[in-house]
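Just below is one structure, and these are the notes that go with it.
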Amino acid sequence: MTEFEPKIIAFVCNWCTYAGADLTGTSRIKYAQNVKIIRFPCTGRIDFMLLLKSFGEGADGIIVSGCHPNDCHYTSGNFHARRRWIMFRGLLDLLGIDVRRIQYSWVSAAEGAKWADIVNSTVNTIRELGPYTEYEKVAGYLEKEANQ
Amino acid sequence: MIELINKAKALLESNAVQVVIGYGKGTSNRTRAIFVTQSDDCDKLIFDSRCVQNLAVYLTKSEIKKLGKPAIVAPIPVLRSILELAVENQLTENDIVVLGITPESEIVDFDTFANIEAFLATHKIVIEEKYHEIIRLIKAMPVAERFAYWVKELEPCFKCYACRAACPLCYCTRCTVDDNQPQWISVPSHPLGNLEWHIMRAMHLAGRCTDCEACFNACPMGIPIHLLTKSMLQDVNDNFGSYGPSLEKQNTLSSYKPDDKESFIR
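Residue numbers (this note's numbering), protein chains in the order written: chain W, 17 to 164; chain R, 474 to 739.
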């Protein structure tokens, strides 16, 4: 049996974390390949529905990352996003959706090493937690595969 | 209730309003919303403990707006919704006449939204202890068990959207759940769609909900969806200070403080 490879979706803002992740690459820092990065104009644009869609489509973990507080390209997008995440996290926790599977972080354009660290540690966490079968069952994901 | 009826009559006769939104007799022992446009029909207005529907839901409906300027019978949950609608710029003071009803069944006129706010300051939203207890019990379950609990609780939902229709704050003319390109929320009564729908509904009410329980009262399957909004109300309180609408401050998720505290962002 091969080792479980987590599928991780990263929602990142264009101005800080995306540039930061780019720096990770240009600095030739190696990090886990499990992450699929989706670029957004701002963390304020990252709708919570997108996070739910990721789990629904079979993601095992999610990273949400943007500019540090006070560094937002649009001044306040990340402040608004932070409030939304606080509320969203509380709701997910009540509903029993494992909040450990969503890693929020601030990664600036200069923090290539931090990005590698965030991805690696998230991959390790998800590897320990295993595939998100509870949500997959609800999503009918396993059913679909069984029918194929 | 003769005072209420007389007030409604006077408002309609003087043409100060064109319609009175109030409670009337429904089928069997129930009450329903009625829309009185003739002063002779004002005798149909009633108010008692059975009148729990949140009438504020009609203030933003285009069908009702067409009837003209409304007066609305407003017990405390309705007053809270009116204030929240005012905070969200959905109502102005000239749009409506508010016939407030105190818990002692006295009728109070509210000329301004500031008066409503001052009155509500002495009647704050209180989440009952039994709900705190239920939420505590749910949160004490292991995470997988909690998830299974909610999947089971939401199972009867067949997405009639009565919760949406009954909520005074779900006034969008187009809802994400009706969008199909992309299809955000799967349509059939399916565990995933049900879960996503209720998460979305709760999130869109985060920091806005005034805890009137209209959603729960409207649910034909008795799903405790008000637990979600109650829990979020508590979260607002714990993280961002007191809940409840206020003319001075913006809604929780429409505003921010640079020093908002959290413990989970790396």
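Note that CB positions come from ideal geometry on N, CA and C, so glycine has one too. Predicted, not measured: the structure shown is a model, and the values here were computed from it.
*DSSP bridge partner residues for R/GLY695 (one or two, in chain order)*: Position 222 of the second sequence, counted from the first residue, corresponds to residue 695 of chain R. DSSP output for R/GLY695 lists no bridge partner at all.
*Closest residue to R/ALA691 among R/ARG637, R/LYS517, R/GLU557 (Cα-Cα distance)*: Along the second sequence, one-based indexing puts residue 691 of chain R at 218. Considering only alpha carbons, the answer is R/ARG637.
*Three-state secondary structure (DSSP) of W/ILE54*: Against the first sequence, residue 54 of chain W aligns to sequence position 38. Of the three classes helix, strand and coil, the one that applies to W/ILE54 here is strand, per DSSP.
*For R/PRO641, which residues of its own chain have a beta-carbon under 6 Å away from its beta-carbon, when the five flanking residues on both sides are left out?*
Mapped onto the second sequence, residue 641 of chain R falls at position 168. Correct list, in chain order: ASN527, ALA529, VAL530, SER554.
*Compare the Cα-Cα distances from W/VAL135 to each of W/GLU19, W/THR33, W/PHE20 and report the closest residue.*
As a first step, residue 135 of chain W must be located in the first sequence, where it is residue number 119. Among W/GLU19, W/THR33, W/PHE20, the Cα nearest to that of W/VAL135 is on W/THR33.
*asked:* Determine, for R/ILE738, whether the minimum Cβ-Cβ distance to residues of chain W falls below 7 Å.
replied: Taking the first residue of the second sequence as position 1, residue 738 of chain R is located at position 265. It does; some Cβ of chain W falls within 7 Å.
*Can you find a C-beta in chain W that's less than 7 Å from the C-beta of R/LEU419?*
Because chain R spans 474 through 739 in this model, residue 419 of chain R falls outside it and cannot be assessed.
*May I ask whether a heavy atom of the ligand HEM can be found less than 6 Å away from the beta carbon of R/VAL570?*
With respect to small molecules bound, the structure shown includes none, and the ligand HEM cannot be examined in it.
*What three-state label does DSSP hand W/ASP133 in the structure shown?*
Position 117 of the first sequence, counted from the start, is the residue given in the question as residue 133 of chain W. The answer is helix: DSSP assigns W/ASP133 an H, G or I state.
_Integer-rounded CB distance, given that R/LEU726 should sit under 8 Å from R/GLY680_ = Working through the second sequence from its first residue, we reach residue 680 of chain R at position 207. Working through the second sequence from its first residue, we reach residue 726 of chain R at position 253. Cβ-Cβ separation between R/GLY680 and R/LEU726: approximately 5 Å, consistent with a contact (criterion under 8 Å).
*Take the Cβ of R/ARG505 as the centre, count every other Cβ of all protein chains shown within 10 Å, and call the residue buried at 16 or more, exposed below.*
To locate residue 505 of chain R, count along the second sequence from 1; it is residue 32. Classification for R/ARG505: exposed.
_Does W/SER43 come out as helix, strand or coil in the three-state DSSP assignment?_
Numbered from 1 along the first sequence, position 27 holds the residue referred to as residue 43 of chain W. If DSSP states are grouped into helix, strand and coil, W/SER43 belongs with coil.
*Identify the continuous alpha helix (DSSP H) that holds R/CYS636 and give its terminal residues.*
Along the second sequence, one-based indexing puts residue 636 of chain R at 163. Looking at the DSSP string, the run of the alpha helix (DSSP H) that includes R/CYS636 is 635-639.
*Can you give me the Cβ contacts of R/GLY499 inside the same chain, cut-off strictly under 8 Å, excluding the 5 residues immediately before and after it?*
Counting from one through the second sequence, the residue named residue 499 of chain R turns up at place 26. For R/GLY499, where only same-chain residues beyond five positions count, the Cβ hits under 8 Å are ARG505.
*asked:* For W/TRP111, report the span of its alpha helix (DSSP H) as first-last.
replied: Your numbering for residue 111 of chain W matches position 95 in the first sequence. Checking the sequence, you will find Leu at residue 111 of chain W rather than Trp. Counting along the chain, the alpha helix (DSSP H) containing W/LEU111 begins and ends at 93-111.
_Check whether W/GLY106 and R/ASP708 have beta carbons under 7 Å apart_ = Reading the first sequence from its first residue, position 90 is the one you call residue 106 of chain W. Reading the second sequence from its first residue, position 235 is the one you call residue 708 of chain R. In this structure, R/ASP708 lies closer than 7 Å to W/GLY106 by Cβ.
*Kindly say whether R/TYR729, judged by its beta-carbon, lies nearer than 7 Å to any beta-carbon of chain W.*
Along the second sequence, one-based indexing puts residue 729 of chain R at 256. Closer than 7 Å to some Cβ of chain W, the Cβ of R/TYR729 qualifies, so yes.
*Which chain W residues sit within Cβ distance under 7 Å of R/ILE611?*
As a working mapping, residue 611 of chain R is identified with position 138 in the second sequence. Ordered by position in chain W, the residues that pass the 7 Å Cβ test against R/ILE611 are LEU110.
*Where R/ALA489 sits in the DSSP three-state scheme*: The count along the second sequence starts at 1 and reaches residue 489 of chain R at position 16. Note: R/ALA489 maps to coil in three-state DSSP.
*Would you mind telling me which residues of chain R sit closer than 8 Å to W/GLU150, beta carbon to beta carbon, in chain order?*
Indexing the first sequence from 1 puts residue 150 of chain W at position 134. Ordered by position in chain R, the residues that pass the 8 Å Cβ test against W/GLU150 are ALA617, PHE620, ALA621.
*Based on the DSSP secondary-structure assignment, which residues constitute the bridge partners of W/CYS29?*
Taking the first residue of the first sequence as position 1, residue 29 of chain W is located at position 13. Its beta-bridge partners are W/PHE56.
*Could you name the residues that DSSP lists as bridge partners for R/LEU572?*
Here residue 572 of chain R refers to the residue found at position 99 of the second sequence. Note: R/LEU572 sits in a beta bridge opposite R/VAL546, R/ASP582.
*Top-ranked residue by Cα proximity to R/ASN488, from R/ARG674, R/GLY695, R/THR510, R/LEU532*: Within the second sequence, the letter at position 15 stands for residue 488 of chain R. Measuring from the Cα of R/ASN488, the nearest candidate turns out to be R/THR510.
*When burial is assigned at 16 or more other CB atoms within 10 Å of the CB, is R/PHE737 buried or exposed?*
Against the second sequence, residue 737 of chain R aligns to sequence position 264. R/PHE737 counts as exposed, since fewer than 16 other beta carbons sit within 10 angstroms of its beta carbon.
*Could you check what DSSP says for W/GLY77 in three-state terms: helix, strand or coil?*
Here residue 77 of chain W is taken as the residue at index 61 of the first sequence, counted from 1. In this structure, W/GLY77 counts as strand in the three-state DSSP scheme.
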